[in-house]
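Written out below as structure tokens is the structure these notes cover.
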Amino acid sequence: MNRPASNMGLPALEDRAKFIRKETVRLSRIAGAGHYSSTFSCAELLATLYYDQMRIEPGNPDWPARDRFVMSKGHAAIGLYPVMADLGYFDPSELDTYTRLGSKFGDHPDMKKVRGLDFSSGSLGHGLSVGVGMALAGRMQGLDFRTYVMLGDGELSEGQIWEAVNSAGHFGLRNLVAIVDRNGLSIDGHTEEVMSIEPLEERFAAFGWEVQRIDGHDLQAIRDAFDALERADRGKPQVIIADTVKGRGVARMEMSLDWHVGNLVGEDYDDVMAELDAGLKPYEPEAVE
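With positions in the sequence shown counted from 1, the corresponding number in the numbering used here is that position plus 33.
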């Protein structure tokens with residue numbers, strides 16, 4: 034498979050991850066609410082995918098050989114739209130209509146309205162099945178594109194996910210890559226309390242997947258994981274389990290159930306933007322008494 038060389042420096046990728054977080058906050062103000070924390074947790078993953086790894090041509094979004102991307106955790110589309118605008122899929126000024134009446138940019142992505150999207154998602158649990166279909170289609174057509182599917186860890190409780198995991202292993206879909214944003218929280222609470230999904234590495238491996246587990250905020254680790262896809266077992270689908278922090282980058286949001294959906298206004302908005310400008314600080318989990 035002919036892949037583009039990784040040539041974007043890590044400081045530039047760090048800047049793009051910050052851009053994703055700041056645009057998420059800005060667009061949320063336009064909408065009056067937004068999915069801050071589950072977008073912040075995947076900012077570094079999204080930045081590395083789109084700016085460093087995926088084989089795409091924004092000026093030719095229907096190019097048959099392009100890599101496909103499925104944002105299965107569709108509520109994080111608010112972080113995806115700015116990336117696509119920045120790369121030239123559409124005019125960035127269009128983002129100012131986000132969620133307004135008649136806008137093409139909804140809270141969840143719509144491929145019929147947004148140029149360059151490969152799939153419309155919203156209801157959780159369906160993205161990996163779609164990715165299996167895309168990967169199978171590519172193989173049948175003799176095309177060497179790769180299909181990436183971004184999964185939230187909360188949606189791994191959906192039964193259809195594991196049907197797709199099983200079928201991908203059965204068909205040996207080496208051109209399918211699942212990325213699990215393993216932030217440990219869903220809207221209903223801690224994933225291990227709502228419905229345990231561990232041990233994830235063993236579960237995917239049991240279905241015939243090649244597994245990597247990384248720090249999902251460490252840009253070098255993310256790049257290394259993507260680069261390792263080329264060296265992995267050629268007959269298996271691949272999954273990158275990325276351990277992340279929900280709300281990463283804003284102290285009040287980190288691992289807080291209150292910010293799955295929220296609304297920043299007034300001085301709080303300015304304070305958060307200033308915090309994001311200052312850059313990521315070491316994550317310090319609250320002590321359990």
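Glycine residues also receive a C-beta, built at the ideal position from the N, C-alpha and C atoms.
- Message: Suppose the cutoff is 8 angstroms on Cβ atoms and the five residues either side in sequence are ignored; what does the same chain contact list for Glu-234 look like?
- Response: Val-244, Arg-246, Ile-274
- Query: Within 10 angstroms of its Cβ, does Trp-292 collect 16 or more other Cβ (buried), or is it exposed?
  - Reply: Buried: at least 16 other Cβ atoms inside 10 Å.
- Message: DSSP three-state label for Val-213, please.
- Response: Strand, per DSSP.
- Less than 8 angstroms separating the beta-carbons of Arg-207 and Gly-160? no
- Message: Could you check whether Ser-70 and Lys-279 sit closer than 8 angstroms to each other, using their CB atoms as the reference points?
- Response: Note that the C-beta distance between Lys-279 and Ser-70 is below 8 angstroms.
- Do you know offhand how far Val-272's Cα is from Val-283's? 28 angstroms
- Is it right to say Lys-146 is buried, meaning 16 or more other beta carbons lie within 10 angstroms of its own, or is it exposed? exposed
- Item | Phe-123 in three-state terms, based on DSSP | coil
- Message: DSSP three-state label for Val-163, please.
- Response: Look at Val-163 here: in three-state DSSP terms it is helix.
- Hey, could you find the ends of the beta strand (DSSP E) Glu-243 is sitting in? 243-248
- Item | Range covered by the alpha helix (DSSP H) that runs through Val-305 | 299-311
- Task: Please classify Phe-178: does DSSP put it in a helix, a strand, or coil?
- Result: Residue state, collapsed to three classes: coil.
- Message: Count Cβ pairs between the segment 100-118 and the segment 133-153 that sit closer than 8 angstroms; are there 3 or more?
- Response: yes
- Query: Which residue comes first and which comes last in the alpha helix (DSSP H) that contains Val-58?
  - Reply: 43-64
- Item | 8 angstroms Cβ cutoff met for Asp-151 and Arg-101 | yes
- Task: Determine the burial state of Met-104: buried for a count of at least 16 other Cβ atoms within 10 Å of its Cβ, exposed for fewer.
- Result: Around the beta carbon of Met-104, a 10 Å sphere encloses 16 or more other beta carbons of the protein chains shown; the residue is thus reported as buried.
- Query: Which of the three DSSP states, helix, strand or coil, is assigned to Val-147?
  - Reply: coil
- Message: Applying the 10 Å Cβ sphere with the 16-neighbour rule, what's the burial state of Pro-232?
- Response: exposed
- Could you check the C-alpha separation between Lys-314 and Arg-256 for me, to the nearest Å? 21 angstroms
- Query: So Arg-54 and Tyr-84 are in contact, right, with Cβ under 8 angstroms, and what is the actual spacing, rounded?
  - Reply: The pair is not a contact, with the Cβ atoms about 15 angstroms apart (cut-off 8 angstroms).
- Message: Distance check for Ser-154 and Lys-51, CA to CA, integer angstroms please.
- Response: So the alpha carbons of these two residues sit roughly 24 angstroms apart.
- Alpha-carbon to alpha-carbon, Arg-62 and Gly-295: Just so you know, the alpha carbons of Gly-295 and Arg-62 end up roughly 10 angstroms apart.
- From the DSSP output, which residues share a beta bridge with Val-278? Answer by DSSP bridge pairing: none, since Val-278 is not bridged.
- Message: Measuring straight from C-alpha to C-alpha, what distance separates Met-288 and Glu-226?
- Response: The straight-line gap from Cα to Cα measures roughly 15 angstroms.
- Item | Other residues of its chain near Asp-248: CB distance less than 7 angstroms, five sequence neighbours each side excluded | Ala-254, Asp-276
- Task: Leaving aside the five residues before and after Glu-56 along the sequence, list all residues of the same chain whose C-beta is less than 6 angstroms from its C-beta, in chain order.
- Result: Pro-115
- Message: Just to confirm my understanding: we take Tyr-122, look at its own chain, exclude 5 residues before and 5 after, and list those with CB closer than 7 angstroms. What are they?
- Response: Pro-91, Pro-94, Arg-148, Gly-149
- Have a look at Leu-165 and Leu-78 and give me their C-alpha separation to the nearest angstrom. A small fix is needed here, since residue 165 is Val in this sequence, not Leu. Distance from the CA atom of Val-165 to the CA atom of Leu-78, rounded to whole angstroms, is 21 angstroms.
- Query: With burial defined as no fewer than 16 other Cβ atoms inside 10 Å of the residue's Cβ, what is the status of Asp-186: buried or exposed?
  - Reply: The residue is buried, with at least 16 neighbouring Cβ atoms inside 10 Å.
- Message: Given this structure, state the Cα-to-Cα distance separating Arg-215 from Pro-270, to the nearest angstrom.
- Response: Distance from the CA atom of Arg-215 to the CA atom of Pro-270, rounded to whole angstroms, is 19 angstroms.
- Query: Comparing alpha-carbon positions, which option in Leu-290, Arg-281, Glu-319 lies nearest Val-305?
  - Reply: When each option's Cα is compared against that of Val-305, the closest is Arg-281.
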